[in-house]
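*Asks:*
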Amino acid sequence: MISSDEKSRAVFVDRDGTIMHDADYCSDPKQVHVFEGVREALRRLKRKGYKLIIITNQSGIGRGFFTLEQYRAVETEVWRQVGPGLIDATYFCPDTPEQPSKCRKPAPGMILQAARDHYIDLARSFFIGDKEIDAECGRNAGVRTIRVRTGFDKMTDGSCADWVAEDLKHAADIILHATR
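If you read the sequence shown in the numbering used here, its first letter stands for residue 300, the second for the next number, and so on.
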C-alpha cells in the first residue's frame with residue numbers, strides 16, 4: 300500500500316473552454332487554439348511537483364460527429380501547442396449524455412481512474428474547468444475545484460466550485476497560493 304505522502308499531487312484540467320477555445324465538437328487540429336498564458340501556467344504547476352492530467356468529455360465520438368483518430372489528432376495538436384513534457388496524461392469519455400456512464404462528467408470516473416493509474420492523492424489535488432459539470436466532477440472525486448470563465452458559460456454565480464478564476468493562469472495562482 301502506498302502512503303499518502305508517497306502519492307503525487309495532481310491538477311486535473313478540462314480541455315475545451317479551459318486549455319483551448321471551445322470549438323464545439325472539435326475534430327480538426329486546425330481548430331485548436333490554446334489560450335494565451337496556458338503554457339506558462341502549466342509550467343509553473345509542473346515545477347511545483349503537480350502531475351497535469353486532462354479530463355475531457357468527448358461525446359462527439361459517441362454521437363458519430365468525429366472518429367477516435369480525429370480526436371487523437373486534436374489531442375496531439377493540443378499537446379504540441381501546450382509544449383513538451385507538461386501534460387502527463389489525457390483521459391476522455393466518448394459517452395453521450397443519454398447513456399448511463401461512470402466516466403462522463405460530472406461522474407468522477409476519469410479522475411478516479413487517473414488517481415489509480417498515477418498514484419495520486421486526491422485530497423491534495425485540484426480540478427480546473429469552465430463548466431459547472433467540471434466543478435461537480437471534481438467535488439464528486441474529492442478534489443478542490445476551480446471554475447474558470449473562459450468557456451461558453453461565463454456565469455459562475457452559485458457555482459459549487461471552491462474558487463472562481465478568470466482563466467487558467469489565475470487558477471494556477473490560486474493553487475500555488477493555497478498550497479504554500
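Don't be surprised by glycine CBs; every beta carbon is placed ideally from N, CA and C.
1) Contact defined as beta carbons within less than 8 Å: I believe Ile410 pairs with Lys350. What is the distance between those atoms, to the nearest angstrom?
2) Which word fits Ala414, buried or exposed, when buried means at least 16 other C-beta atoms lie within 10 angstroms of its C-beta?
3) Which stretch, first to last residue, makes up the beta strand (DSSP E) that contains Ile445?
4) I'd like the list of long-range same chain contacts for Gln369, defined as Cβ closer than 8 Å, with 5 residues on each side in sequence excluded.
5) Taking all protein chains shown into account, do 16 or more other C-beta atoms lie within 10 angstroms of the C-beta of Phe426, making it buried, or fewer, making it exposed?
6) Whose C-beta lies closer than 8 Å to the C-beta of Val381 among residues of the same chain, with five residues either side of it excluded?
7) Output the boundary residues of the alpha helix (DSSP H) element that contains Leu467.
8) Across which residues does DSSP place Ile352 in a beta bridge pair?
9) Taking just the CA atoms, how far does Asn439 sit from Arg448?
*Replies:* Looking at the atomic coordinates:
1) In fact, because the Cβ distance is near 12 Å, the residues do not count as touching under 8 Å.
2) buried
3) 443-447
4) Ser326, Asp327
5) buried
6) Ile318, Val333, Val337, Arg338, Leu341
7) 467-477
8) Phe311, Ala388
9) 21 Å
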